[in-house]
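Quick note on numbering: the numbering used here labels position 174 of the sequence shown as 326, and the sequence is numbered without any gaps. Built from N, CA and C at the ideal position, the CB exists for glycine as well. Keep in mind that this is a model prediction, so the values were computed, not measured. Following: one structure in structure tokens, then a few remarks.
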Amino acid sequence: MPVLNASIPEGYSPPFATVTPTDHTAWILIAAWLSIAVFLFFCLIRVGLRLTLSPGFDLDDYSCWAGTLAATIQSVLVLGACSKGLGKETDLISSRNLGSLQQLYYTSNFFSLLAVGLSKISVIALIHRISRLENKNMLFGAMVVVGAWVVGSILAIAIQCDFSHPWILVGQKCPGISTRWHVINGLDIATEVGIFGLVIQLVYPLQMRLRRKLTVVYIFSFRLLVIILIAFRMSTFDTARPFLSTNPFLNLAQHISLTQGQQAYVLIAATVPAFRNLLKSLHTGFGGMSAAERTYGYGTTSIWSKFQDDPPHTQHHKWFHNPRQKPRKFI
Numbered sequence: 153m154p155v156l157n158a159s160i161p162e163g164y165s166p167p168f169a170t171v172t173p174t175d176h177t178a179w180i181l182i183a184a185w186l187s188i189a190v191f192l193f194f195c196l197i198r199v200g201l202r203l204t205l206s207p208g209f210d211l212d213d214y215s216c217w218a219g220t221l222a223a224t225i226q227s228v229l230v231l232g233a234c235s236k237g238l239g240k241e242t243d244l245i246s247s248r249n250l251g252s253l254q255q256l257y258y259t260s261n262f263f264s265l266l267a268v269g270l271s272k273i274s275v276i277a278l279i280h281r282i283s284r285l286e287n288k289n290m291l292f293g294a295m296v297v298v299g300a301w302v303v304g305s306i307l308a309i310a311i312q313c314d315f316s317h318p319w320i321l322v323g324q325k326c327p328g329i330s331t332r333w334h335v336i337n338g339l340d341i342a343t344e345v346g347i348f349g350l351v352i353q354l355v356y357p358l359q360m361r362l363r364r365k366l367t368v369v370y371i372f373s374f375r376l377l378v379i380i381l382i383a384f385r386m387s388t389f390d391t392a393r394p395f396l397s398t399n400p401f402l403n404l405a406q407h408i409s410l411t412q413g414q415q416a417y418v419l420i421a422a423t424v425p426a427f428r429n430l431l432k433s434l435h436t437g438f439g440g441m442s443a444a445e446r447t448y449g450y451g452t453t454s455i456w457s458k459f460q461d462d463p464p465h466t467q468h469h470k471w472f473h474n475p476r477q478k479p480r481k482f483i
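As structure tokens, then:
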């Protein structure tokens, strides 16, 4: 086993962690701390936007902040597990620390799934906030589907291995654990594609220039890159699968590090469309935002709802030929 033989210059401290063939804790520590810094930074940006440029809080904000809280708890649990030996070879972990390490890692998986699910709900709630009235029920249904995925995924992981102590990996066979994670991640990808499909479905019928529609789609497509992270993360789990009963925490180091990256990315991606400057492209079209309807940044009242009590043939006339006001444009 390689050792750090180089002398440390005077005035310098030794590294807090060193990567060796039997210790990959440093990977997890770097990923966890970096993720915390990034998603908390974006959380503060969102708070600042709501308090200054576009005041008014709604479900998309609350669910994103709840997801940030869940991700913070998850990262703290992972950091606590690192202090017990997460990322190290099993032989290097004392029997006293092994039990608490496995409990911490087991619990962290629940909060990771919760953080990812809440980030999805935040995006759907944002679409709901700026969409037309006739699309509301469909978006509520999408939130229910994501909620069901979160609950089902947590239950599937909660009963892994031995039911009497499901958090224990070392020395357990854990039949079907790989299949469960494949299903969870497959549905994770499916919901991401579904959310993107909702954006396309809602933008397509709007009377906007194609360039504006593509801008809207582009803003929300930023989230699709998480599919690459999910696939890569799952491949690292498959690599570690043969060692789960003997040496799980060393071999799962890459998987755990990518988990930190995934939950940070989805929270960032949930915040990016909320930036008011990016949503200026939706002016007078998507979600009914007009120049006079920006009290809450997105426009809390749809322009279409203004005419919902009028006959269809008068709606068009009112929109384009109101003699008392200057005709509006869609762009």
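Distance from the CA atom of Tyr-417 to the CA atom of Val-378, rounded to whole angstroms, is 7 Å.
Annotation: Ala-426 is outside any alpha helix (DSSP H) and is labelled neither H nor E by DSSP. Here DSSP, grouped into helix, strand and coil, assigns Asp-314 to coil. If you ignore the 5 residues before and after His-407, its C-beta comes within less than 7 Å of the C-beta of Arg-385, Thr-388, Phe-389, Ala-392, all in its own chain and listed in chain order. Counting along the chain, Ser-283 sits inside no alpha helix (DSSP H), nor does DSSP assign it H or E at all. In the same chain as Tyr-257, and ignoring 5 residues on each side of it, the C-beta atoms closer than 7 Å to its own belong to Ala-233, Leu-238, in chain order.
The C-alpha of Ser-260 lies about 24 Å from the C-alpha of Asp-212. Going by beta carbons, Ala-422 and Phe-374 fall outside the 7 Å limit.
If the five residues before and after Gly-269 are omitted, its C-beta is found closer than 6 Å to the C-beta atoms of Val-298, Val-302, all from its own chain and listed in chain order. Distance between Gln-359 and Lys-365, taken at the CA atoms: about 9 Å. The alpha carbon of Tyr-370 has as its nearest neighbour, out of Val-355, Lys-288, Ala-383, the alpha carbon of Val-355.
Listed as beta-bridge partners of Thr-172 by DSSP are Asp-175. The alpha-carbon separation between Arg-202 and Trp-217 amounts to approximately 12 Å. Secondary structure note for Arg-363: its alpha helix (DSSP H) is the uninterrupted segment 362–373. Under the DSSP assignment, Gln-353 falls in the alpha helix (DSSP H) whose first and last residues are 329–355. When the Cα atoms are used, Ser-274 and Ser-215 turn out to be separated by approximately 5 Å. In this structure, Ser-409 keeps its C-beta atom at 7 Å or more from the C-beta atom of Ala-178. In the structure shown, the three-state DSSP call for Lys-240 is strand.
For Leu-402, the enclosing alpha helix (DSSP H) stretches over residues 400–403. By the criterion of a C-beta distance shorter than 6 Å, Asn-403 is surrounded in its chain by Ala-392, Phe-395, once the five residues flanking it on both sides are discounted. Counting along the chain, Phe-384 sits inside the alpha helix (DSSP H) bounded by residues 378–392.
Setting aside the 5 residues that flank it on each side, Thr-411 is surrounded in the same chain by Ser-264, each with a C-beta closer than 6 Å to its C-beta; the list follows chain order.
Each of Phe-262, Leu-266, Val-296 was checked against the Cα of Ala-277, and the nearest Cα belongs to Val-296.
Rounded to whole angstroms, Pro-357 and Arg-281 show a C-alpha spacing of 18 Å. The beta carbon of Lys-325 lies closer than 7 Å to those of Ser-397 in the same chain, with the five residues before and after it left out. Using a 10 angstroms sphere on the CB of Val-199, the tally of other CB atoms stays under 16, which defines it as exposed.
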